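K.L.:
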Amino acid sequence: MKTVGEKLESFKVVGVKPGFNNHEENGVSAFEDITESSFPGKWKVIYFYPKDFTFVCPTEIVGFNNLAKDFEDRDAVLMGGSVDNEFCKLAWRREHPDLNKLGHYSFADSTGSLIDQLGVRERNEGVALRATFIVDPDNVIQHVSVNNLNVGRSPEEVLRILDGLQTDELCPCNRSAGGDTL
């Protein structure tokens, strides 16, 4: 598994843009390729969940979505994904009232290339573990957490960690002293 201090390598997944429920709306496609070069100058909060249309996943996605503006205010792009394709993601947005017009990126890693690069594929089920990566603007991983398939995570804690990382970025003295920032 990739860990803190390692860089994201080249990857490409299909992103479903925030606010879309259909593959095209007002002549604009809901889809865009997301690569390691997307979102220059921004932090990336990448979270994985096993599958669309499952029980625990919408709770986490809604929790992250409720904080989407807070992540955006911190110059972070929030994106959650699974091995299911982009059409499945749109269907889930239409089907589940709490995911309607989701305010952050969903991504389809249907080949599993990003999941495998980061080393978070569950061996028996072949899906992503509940992993979270916070990646700085230079594509260096600054935080990793991984949970088993049936254990959710706290989006508020992810935001708190991002705050701590960004505080550390502003105060290099914290790195040399090894002290906690938050």
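full-length UniProt numbering applies: residue 1 is where the sequence shown begins, and numbers increase by one. Glycine included, each C-beta is placed from N, C-alpha and C at the ideal position. These numbers come from a predicted model, not from an experiment.
(1) Find the nearest neighbour of glutamate 32 within the set Thr132, Lys12, Lys44, Val144, judged by alpha-carbon distance.
(2) Can you name the start and end residues of the beta strand (DSSP E) that lysine 44 belongs to?
(3) Buried or exposed: where does threonine 111 fall if 16 or more other Cβ atoms within 10 Å of its Cβ makes it buried?
(4) Does DSSP put arginine 74 in a helix, in a strand, or in coil?
(5) Sort Pro18, Thr167, Leu102, Gln166 by Cα distance to residue 189 and report the nearest one.
(6) For glycine 81, name the three-state secondary structure that DSSP assigns.
(7) Roughly how many angstroms lie between the CA atoms of glutamate 60 and glutamate 125, to the nearest whole one?
(8) If you run the structure through DSSP and keep just helix, strand and coil, what is arginine 160?
P.N.:
On the basis of the coordinates in this document:
(1) Counting from one through the sequence shown, the residue named residue 32 turns up at place 32. That would be Lys12, whose Cα lies nearest to the Cα of glutamate 32.
(2) Counted from its first residue, the sequence shown places residue 44 at position 44. Lysine 44 -> beta strand (DSSP E) spans 43-48.
(3) Numbered from 1 along the sequence shown, position 111 holds the residue referred to as residue 111. Threonine 111 is exposed by the Cβ-count criterion.
(4) Here the question's residue 74 lines up with position 74 in the sequence shown. Looking at arginine 74 - three-state DSSP - the assignment turns out to be coil, as it is neither helix nor strand.
(5) No answer is possible for residue 189: it lies beyond the span of the chain, which begins at 1 and ends at 182.
(6) Sequence index remark: in the sequence shown, residue 81 carries index 81 (1-based). Three-state result, glycine 81: strand.
(7) Here the question's residue 60 lines up with position 60 in the sequence shown. Here the question's residue 125 lines up with position 125 in the sequence shown. The alpha-carbon atoms of glutamate 60 and glutamate 125 are separated by roughly 20 Å.
(8) Here residue 160 corresponds to residue number 160 of the sequence shown, with the count starting at 1. Helix.
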